[in-house]
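Protein chains in written order, with the working numbering: chain A, 862 to 1280; chain B, 28 to 301.
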């Protein structure tokens, strides 16, 4: 029956289109209709965050015309990158259904470690950065041991970590209080000034569309050969063109001012790499499986403990990376680094971007989208000269709204029979 | 009968349990269980609720570790420390609660833990193989790219069975494979069990449905209160089986039959279900 699938392909419907009960979207119109159907059943994807961002930008732009000026947006991207990298780690840990409340402390400690080793001890900066990252990953490994071996809830383990690592940071900085990183050093230049040359930024902005088209074309060809339905060329071309136009416009607009920060480039690079790892590798599939149904994953022969360990280590490691970047951004390693709202901003960014707090759903892009929302609010309120008390309240309200949308969408998905 | 016995002896002994016991605290879920499964044989495991059927299957799947006793698989004593050890040996299990990840699609569930090309998932080959397996089961799955949450109970059962066949196991454990299925799908699954047996695999099947058990089983092993309580041929009479399952000649099933007999003054209708 299936041996002759190749010959059947011409005469009978494609292998995955034989069930006549199922409606399949055809062409561009079909794709748009399918999108609306998905949204109506509660599979919102990144729609809420895009709508939210549009509202936030409209409001702040009408209150202060400087808000959407290229200069402010370039600054926004610099600020996004530091907490954004931390949020990327939070996405990893949320996908397996756990949480890390100590990302702020870990980032602060990493910046302190960088300052002490590089400035006070005179080590090469690369070694100091590496040490900070390794230390971050080791903290994650410790959480994993507490979680896997002693069954300690990640909530409690990382809350304990929040306090003790903050203590470690204060101890390390003890006598001096804060360490200034030398201006003019490559790391600080990277964190404050370095932007891509214009031609390079246009080339990089064209890349996603091209890659998407080539990969999509090759997949479609393989699927056709195998007798499976494939995405129509028109849809693929349209999507690639739209993405390229949007990205080129963003690059053009930012290039009116200084341009795209290299630090933001690094952040986006990490997001793309993480997205690949989560969606296209065995490890990523197993992360989602563990987050969706831990017992099913265990019975399928997945090494659940190993998956948890990688999630904890990635989260802490990326938090340390974010700490190094924020030290570079501020040109200092201080006792305040990583305290205050860093922790919750990172977690809020991941959740606002669409990663579920309950595990099993999420994408690397939610860190990117979420942090742009959070940082837009912060930047807009700073421009309006409002105090941080109001900023906290408004960010908190946005987080609450994001979680409400997530919960309502989950309920709607359940009643429409979607995961 | 003798010929069957001879045939069985010639075949490879896939699995042999001797004296398996499992205690949960003070509760002895299994006591001194012996069980043999040959290649190309369907063994039905029947018993009342709490007889220890599911515990025994979970022990063989590596979910629980036996308190005492030996498991011999294809001639070698083995310890099944975890589910992946059982899978690695060639023991595949379809659990009653199916153990599917609802947030993943059908293809991802079928290949869970055994994805093709780990660093660049080969989605096309996986989808193709998934359709092949599902078509062998004559499954009616609308789309393998929908999350499992959108499937019905019967469709989920089919996905779970398809998944167990992926690794080409030597022994398949089916915990209530037909409980959630419609008439046609039940027949398909029974056909499939026979096809699996004809390929020379050993099959252990738990079921409460005596009709299904008689239809495919080569031997019926009865458990009662965690102990072996007899081995029957599929043509054994209903009374024999029921009394082995419930542990007495005078049980609620026979009492009910006698009552109906007395009421109608006729012989009791043969009951398909216990």
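Here a beta-carbon is modelled for each residue, glycine too, at the ideal position from N, C-alpha and C.
- Item | Chain-ordered neighbours of residue 1077(A) on chain B, where CB pairs are closer than 8 Å | Result: empty, since nearest Cβ-Cβ is about 13 Å, beyond 8 Å.
- Message: Going by DSSP in three states, residue 212(B) sits in which element: helix, strand or coil?
- Response: Three-state DSSP puts residue 212(B) in a helix.
- Query: Would residue 233(B) pass as a contact of residue 72(B) if the rule is Cβ separation under 8 Å?
  - Reply: In this structure, the beta-carbon distance from residue 233(B) to residue 72(B) falls below 8 Å.
- Message: On the CB-based measure, 16 or more other CB atoms within 10 Å of its CB, does residue 195(B) come out buried or exposed?
- Response: Classification for residue 195(B): exposed.
- Query: Mind pulling the alpha helix (DSSP H) runs of 4 or more residues that sit fully within the stretch 1106-1160 of chain A?
  - Reply: Here the runs fully enclosed are 1123-1141, 1143-1153, 1155-1160.
- Using a Cβ-Cβ cut-off of less than 9 Å, give me the residues of the stretch 100-128 of chain B that come near chain A, in sequence order. Answer in chain order: 109, 110, 111, 112, 113, 114, 115, 120, 122, 124, 125, 126, 127, 128.
- Item | Three-state secondary structure (DSSP) of residue 297(B) | With a pLDDT of 48 at residue 297(B), under the threshold of 50, the modelled position of this residue cannot be trusted; read the value that follows with caution. Assigned with DSSP and collapsed to three states, residue 297(B) falls in coil, not helix or strand.
- Item | Span separating the alpha-carbon of residue 297(B) from that of residue 206(B) | Reliability fails at residue 297(B), whose pLDDT of 48 lies under 50, so the model's placement of it is uncertain and no value is given.
- Interface residues of chain B facing residue 1149(A) [CB-CB closer than 9 Å]: What residue 1149(A) touches in chain B: 128, 130, 131, 135.
- Message: If distances are taken between C-alpha atoms only, which option among 952(A), 1051(A), 1004(A), 1088(A) comes closest to residue 1290(A)?
- Response: There is simply no residue 1290(A) to check, as chain A begins at 862 and stops at 1280 in what is shown.
- Task: For residue 1152(A), collect the residues of the same chain with a Cβ closer than 6 Å to its Cβ; drop the 5 residues on either side in sequence, then sort them by chain order.
- Result: A distance below 6 Å between beta-carbons, with the five flanking residues on each side excluded, links residue 1152(A) to the following residues of its chain, in chain order: 956, 957, 958, 1220, 1221.
- Measuring CA to CA, which of 1204(A), 1189(A), 1185(A), 1236(A) is closest to residue 993(A)? Of the residues 1204(A), 1189(A), 1185(A), 1236(A), the one whose Cα lies closest to the Cα of residue 993(A) is 1185(A).
- To which residues of the same chain is residue 122(B) closer than 6 Å at the C-beta, ignoring the five residues directly before and after it? Only 202 meet the Cβ criterion.
- Step through the CB atoms of chain B and report whether any lies within less than 8 Å of the CB of residue 1162(A). Residue 1162(A) counts as touching chain B.
- Task: Could you name the residues of chain A that residue 151(B) contacts, counting a contact when the two beta carbons are closer than 9 Å?
- Result: Those within 9 Å of residue 151(B) in chain A are 1080, 1083, 1084, 1086, 1087, 1089.
- Message: Just to confirm the assignment, what range does the beta strand (DSSP E) spanning residue 68(B) have?
- Response: Element bounds for residue 68(B): 68-73.
- Item | For residue 1049(A), the nearest candidate out of 981(A), 982(A), 1193(A), 1091(A) (CA to CA) | Closest in alpha carbon position to residue 1049(A), among 981(A), 982(A), 1193(A), 1091(A), is 1193(A).
- With respect to the beta strand (DSSP E) encompassing residue 202(B), which residues constitute its N-terminal and C-terminal limits? That run of the beta strand (DSSP E) goes 198-202.
- Sub-8 Å separation of residue 224(B) and residue 68(B) beta-carbons: In this structure, residue 224(B) places its C-beta atom within 8 Å of the C-beta atom of residue 68(B).
- Query: Since residue 1100(A) meets chain B, which of its residues come closer than 7 Å, beta carbon to beta carbon?
  - Reply: Taking the beta carbon of residue 1100(A) as reference, no residue of chain B falls within 7 Å; the closest one sits roughly 18 Å away.
- When the Cβ atoms of the stretch 1199-1207 of chain A are set against those of the stretch 967-987 of chain A, are three or more pairs found closer than 8 Å? Touching, yes.
- Task: Label residue 65(B) either buried or exposed according to how many other C-beta atoms from any shown protein chain fall within 10 Å of its C-beta, with 16 as the threshold for buried.
- Result: Residue 65(B) comes out buried.
- Taking contact to mean at least 3 C-beta pairs separated by less than 8 Å, is the stretch 894-914 of chain A in contact with the stretch 1224-1243 of chain A? Counting Cβ pairs under 8 Å, three or more are found: they touch.
- Query: How should residue 871(A) be labelled, buried or exposed, when 16 other C-beta atoms within 10 angstroms of its C-beta is the threshold for buried?
  - Reply: Because the pLDDT at residue 871(A) is just 43, under 50, the model does not fix this residue reliably, and the value given afterwards should be weighed accordingly. Under this definition residue 871(A) is an exposed residue.
- Message: Report the start-end ranges of each alpha helix (DSSP H) in the stretch 1183-1248 of chain A that is 4 residues or longer and not cut off at the edges.
- Response: Segments of the alpha helix (DSSP H) lying fully in the stretch 1183-1248 of chain A: 1203-1213, 1226-1244.
- In the structure shown, what three-state DSSP assignment does residue 285(B) receive? DSSP places residue 285(B) in helix when its eight states are reduced to three.
- When 1272(A), 1146(A), 1097(A), 1124(A) are compared against residue 1354(A), the one with the closest alpha-carbon: Only positions 862 to 1280 of chain A appear in the structure, and residue 1354(A) is not among them; the question remains open.
- Message: To test your reading of the DSSP string, which unbroken beta strand (DSSP E) runs of 3 or more residues are found completely within the stretch 1030-1102 of chain A?
- Response: Counting whole runs of 3 or more residues, the stretch 1030-1102 of chain A contains the beta strand (DSSP E) stretches 1039-1041.
- Message: Please list, in chain order, the residues of the stretch 1154-1181 of chain A that have any C-beta partner in chain B closer than 8 Å.
- Response: Against chain B - using a Cβ distance shorter than 8 Å - the residues of the stretch 1154-1181 of chain A are 1154, 1156, 1157, 1158, 1159, 1160, 1161, 1162, 1163, 1164.
- Message: Just to make sure I have the definition right: I need the residues of chain A whose C-beta is within less than 7 Å of the C-beta of residue 224(B). Which are they?
- Response: What residue 224(B) touches in chain A: nothing, since even the nearest Cβ is about 20 Å away.
- Task: Entirely within the stretch 45-110 of chain B and at least 4 residues each: give me those alpha helix (DSSP H) ranges in chain order.
- Result: If we require 4 residues or more, the alpha helix (DSSP H) runs fully inside the stretch 45-110 of chain B come out as 80-87.
- Sub-8 Å separation of residue 219(B) and residue 247(B) beta-carbons: Not in contact: residue 219(B) and residue 247(B) (Cβ atoms no closer than 8 Å).
- Message: Check whether the stretch 98-105 of chain B and the stretch 73-85 of chain B are in contact - that is, three or more C-beta pairs closer than 8 Å.
- Response: Using a C-beta cut-off of 8 Å, the stretch 98-105 of chain B makes no contact with the stretch 73-85 of chain B, since fewer than three inter-stretch Cβ pairs fall below that distance.
- Task: Sort 950(A), 1015(A), 1144(A) by Cα distance to residue 1209(A) and report the nearest one.
- Result: Nearest neighbour of residue 1209(A) by Cα position, chosen from 950(A), 1015(A), 1144(A), turns out to be 950(A).
- Query: What first and last residue would you give for the beta strand (DSSP E) that runs through residue 248(B)?
  - Reply: Counted as a single uninterrupted DSSP element, the beta strand (DSSP E) harbouring residue 248(B) occupies residues 246-251.
- Message: Taking 8 Å as the threshold (beta carbon to beta carbon), is residue 90(B) in contact with chain A?
- Response: With 8 Å as the cut-off, residue 90(B) counts as an interface residue toward chain A.
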